[in-house]
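See structure below.
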Amino acid sequence: MIWQQVYDPFHNMWISTALAAVPVLVMLVSLGFLHIKAHIAAGLGLLAAVAVAVLAYGMPLAMAGNAAFYGALTGLLPIGWIVLTIIFLQQLAEGNGSFKVLQASLSGSAFFEGAAGFGTPVAVTAGILIGLGFSPLAASGLSLIANTAPVAFGALGTPVITLAKVHGYDLMAVTAMIGRQLPFFSLLVPFWLIWAFAGRKAMWEIWPAILVTGLSFAIPQYLV
0 MIWQQVYDPF HNMWISTALA AVPVLVMLVS LGFLHIKAHI AAGLGLLAAV
50 AVAVLAYGMP LAMAGNAAFY GALTGLLPIG WIVLTIIFLQ QLAEGNGSFK
100 VLQASLSGSA FFEGAAGFGT PVAVTAGILI GLGFSPLAAS GLSLIANTAP
150 VAFGALGTPV ITLAKVHGYD LMAVTAMIGR QLPFFSLLVP FWLIWAFAGR
200 KAMWEIWPAI LVTGLSFAIP QYLV
């Protein structure tokens with residue numbers, strides 16, 4: 000069965016965009032406002048996505064079901080498998096004491112992003128910050144800011160590999176271009192992080208150390 004997707008079925012950008020956002024909004028409202036359990040909220044978002052695809056975009060029901068099943072398998076393997084293995088790796092590192100090295104490193108979050116991705120670094124580092132006395136909101140916010148520049152190569156390069164496959168690009172060319180763009184953000188993020196944590200005055204007081212931190216990550220990222 001061949002089905003050609005129409006991105007603007009109502010010939011109105013705003014209506015089509017609003018409909019495409021419905022599944023995401025359903026899941027976010029379920030989690031943030033209705034306080035529904037995560038797996039139930041995800042199921043509601045999936046049902047909303049199938050309904051929008053079939054009713055608004057004209058996708059055949061059987062094809063929508065197959066796409067949902069394929070997406071579930073993709074979420075389980077490799078995404079779920081990668082996250083599971085990094086949890087095992089964290090437990091092993093904690094068991095032999097080497098996890099303290101990651102905690103003290105400048106790029107501990109980037110290590111978890113590269114090895115696991117999918118929000119794992121935020122969960123790990125936020126938990127560490129909460130244990131150090133940070134409020135949950137501050138811990139999650141700072142962890143999200145820090146986990147910005149490494150994301151493109153997260154989960155063993157899954158985002159880059161997916162982008163290259165979907166559009167038929169050369170993988171090494173895409174990797175090289177991303178490697179040229181990200182160092183600027185890698186240099187900016189440490190300044191932003193300290194500004195958000197301690198304010199602009201404190202940031203300028205230690206700007207040489209922040210600059211060294213940013214360059215120590217940005218330069219290898221560009222060269223590699």
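Under numbering that gives the first Met the number 0, the residue at position 152 of the sequence shown is numbered 151, and the numbers go up by one with no gaps.
Backbone N, C-alpha and C define an ideal beta-carbon position, used for all residues, glycine too.
Mind checking residue i: buried by the 16 CB within 10 Å criterion, or exposed?
i: Phe309; result: Missing from the structure shown is residue 309; the chain here goes from 0 to 223 and no further.
i: Ser142; result: buried
i: Ile209; result: buried
i: Phe216; result: buried
i: Gly283; result: The first residue shown for the chain is 0 and the last is 223, placing residue 283 beyond what the model contains.
i: Ile205; result: exposed
i: Ser97; result: exposed
i: Val100; result: exposed
i: Val223; result: exposed
i: Val211; result: exposed
i: Val5; result: exposed
i: Val165; result: exposed
i: Phe32; result: exposed
i: Phe68; result: exposed
i: Ala138; result: buried
i: Ala201; result: exposed
i: Ala151; result: buried
State the DSSP-derived secondary structure class of residue i, mapped to helix, strand or coil.
i: Pro207; result: helix
i: Ser215; result: helix
i: Phe133; result: coil
i: Leu33; result: coil
i: Ala148; result: coil
i: Tyr6; result: coil
i: Leu158; result: For the record, residue 158 in the displayed sequence is Pro; it is not Leu. Correct three-state label for Pro158: helix.
i: Gly96; result: coil
i: Tyr168; result: coil
i: Gly198; result: coil
i: Tyr56; result: coil
i: Asn65; result: helix
i: Val223; result: coil
i: Ile1; result: coil
Below 8 Å CB to CB, which residues in the same chain sit around residue i once its five sequence neighbours on both sides are set aside?
i: Pro135; result: Ala125 and Ile129
i: Leu192; result: Leu141, Ile144 and Ala145
i: Ser29; result: Ile35, Ile39, Ala40, Leu43 and Gly44
i: Leu162; result: Tyr168 and Val173
i: Ala37; result: Leu30
i: Gly213; result: Ser185, Leu186, Leu187, Val188, Pro189 and Phe190
i: Val51; result: Leu18, Ala19, Val21 and Pro22
Within a Cβ cutoff of 6 Å, which residues of the same chain sit near residue i, ignoring the five residues on either side of it in sequence?
i: Thr174; result: Val159
i: Ala148; result: Leu181, Phe184, Ser185 and Val188
i: Leu88; result: none
i: Ser15; result: Asp7 and Phe9
Got a sec? Which residues, its chain only, sit under 7 Å from residue i by beta carbon, not counting five neighbours each side?
i: Ala47; result: Val21, Pro22 and Val25
i: Gln220; result: Gly178, Leu181, Pro182 and Ser185
i: Trp2; result: Met58, Pro59 and Met62
i: Ala55; result: Pro8 and Leu18
i: Val49; result: Ala63 and Ala67
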